[in-house]
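Mature numbering (1 follows the signal peptide of the UniProt record, and there is no 0) puts the sequence shown at residues -19 to -1, 1 to 200.
All residues carry an ideal CB built from backbone N, CA and C; glycine is no exception.
Values in this document were obtained by computation on a predicted structure and should not be read as measured data.
Working notes for the structure below.
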Amino acid sequence: MAVVSTVTATAIPSQAASAATGGVVVASGLHNPRDVQIQADGSVLVVEAGSGPATPCPPPAEVGRNRCLGFSGSLYKITGSRQGRVVTGLPSEQINQNYGTSVLTRIGGPVQAEAAGDGSYRISYGLSGLPSDREALGAGSGPLGTLSTTGGKVLGDLAVHELEHNPDAANPGTTEVFSNPWGFARDGRDFLVTDAGANDLIRIHPDGSTETAFAFPTN
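What follows is the structure, encoded as structure tokens:
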């Protein structure tokens, strides 16, 4: 995969057809890239979800889901002409879903990241499940479903919040309890994190406690 930037130009009408230029490849050979963020120092940080485990994760023989954990997630940084991975070994999950007539493979892991200012990074991790699914993956799965630092601190556990509160339960037709955290943003001393699986926006306080900021309607 590659990160591509698009360059556009302003031109008089007679030149408009030839003014647009193609994409410019900034980085290539990325491992399942997710979010791209420009950092305060002007560098570009790309989150790589990875490819799950190093060994193949077999699909379930019957209808159902099989999950395997690896550590192929990473952060890729571009600073001028210098670029490369600044963090490796992040948890990356391969999920194989057997629907009976077909098998769908998905990768879960790091989604969005930002520099914390002390040499570490804050990262939101997907999960596509609940704390029990995370625990079943074994050692090293702890960051999945959370907003955490590369130093190992869990800033907020979105999967636990979904299990305990299920904020969108009042929405018509909503019965599934399911967490898959996605993007996050700073809001004062707190963080706001979207949970694409739980259909909500969660506020994380400095002490790690969580509260529902908004439950999105079913669409």
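Cα-Cα separation between residue i and residue j, rounded to whole angstroms
{"i": "Gly51", "j": "Asn77", "result": "14 Å"}
{"i": "Lys58", "j": "Gln64", "result": "6 Å"}
{"i": "Leu139", "j": "Thr127", "result": "5 Å"}
{"i": "Gly98", "j": "Gln20", "result": "10 Å"}
{"i": "residue 201", "j": "Val17", "result": "Within the shown structure, residues of the chain are numbered from -19 to 200, placing residue 201 beyond reach of any answer."}
{"i": "Asp171", "j": "Pro187", "result": "6 Å"}
{"i": "Pro153", "j": "Asp181", "result": "15 Å"}
{"i": "Asn147", "j": "Gly61", "result": "44 Å"}
{"i": "Phe197", "j": "Arg15", "result": "23 Å"}
{"i": "Leu173", "j": "Gly164", "result": "8 Å"}
{"i": "Ser129", "j": "Arg167", "result": "14 Å"}
{"i": "Thr199", "j": "Thr155", "result": "8 Å"}
{"i": "His142", "j": "Val7", "result": "38 Å"}
{"i": "Gly100", "j": "Gly70", "result": "16 Å"}
Classification of residue i by the beta-carbon crowding that lies within 10 angstroms, buried from 16 upward
{"i": "Pro112", "result": "buried"}
{"i": "Thr131", "result": "buried"}
{"i": "Leu136", "result": "buried"}
{"i": "Asp114", "result": "buried"}
{"i": "residue 215", "result": "Absent from the structure is residue 215, since the part of the chain shown begins at -19 and ends at 200."}
{"i": "Thr175", "result": "buried"}
Own chain, CB closer than 6 Å to residue i, minus 5 neighbours either side, in chain order
{"i": "Pro124", "result": "Pro72 and Tyr106"}
{"i": "Ser53", "result": "Gly31, Ser32 and Ser73"}
{"i": "His66", "result": "The sequence given here places Arg at residue 66; His does not occur at that position. Counting only Cβ-Cβ distances below 6 Å, and skipping sequence neighbours, we find Ser55 and Tyr57."}
{"i": "Gly178", "result": "Phe159, Ser160 and Asn161"}
Sequence-distant residues of the same chain with beta carbon closer than 7 Å to residue i, five excluded per side
{"i": "Glu43", "result": "Asn79"}
{"i": "Asn47", "result": "Cys38, Pro39, Pro40, Pro41 and Asn77"}
{"i": "Ala194", "result": "Leu173, Leu182, Ile183 and Arg184"}
Anticipated Cβ contact below 8 Å, residue i with residue j, distance rounded
{"i": "Ile104", "j": "Ala96", "result": "Ile104 to Ala96, Cβ: 11 Å. No contact."}
Residues near residue i in its chain [Cβ-Cβ closer than 8 Å; skip 5 each side]
{"i": "Val92", "result": "Arg15, Asp16, Val28, Ala30, Ile104, Ser105, Tyr106, Gly107, Pro162, Trp163 and Gly164"}
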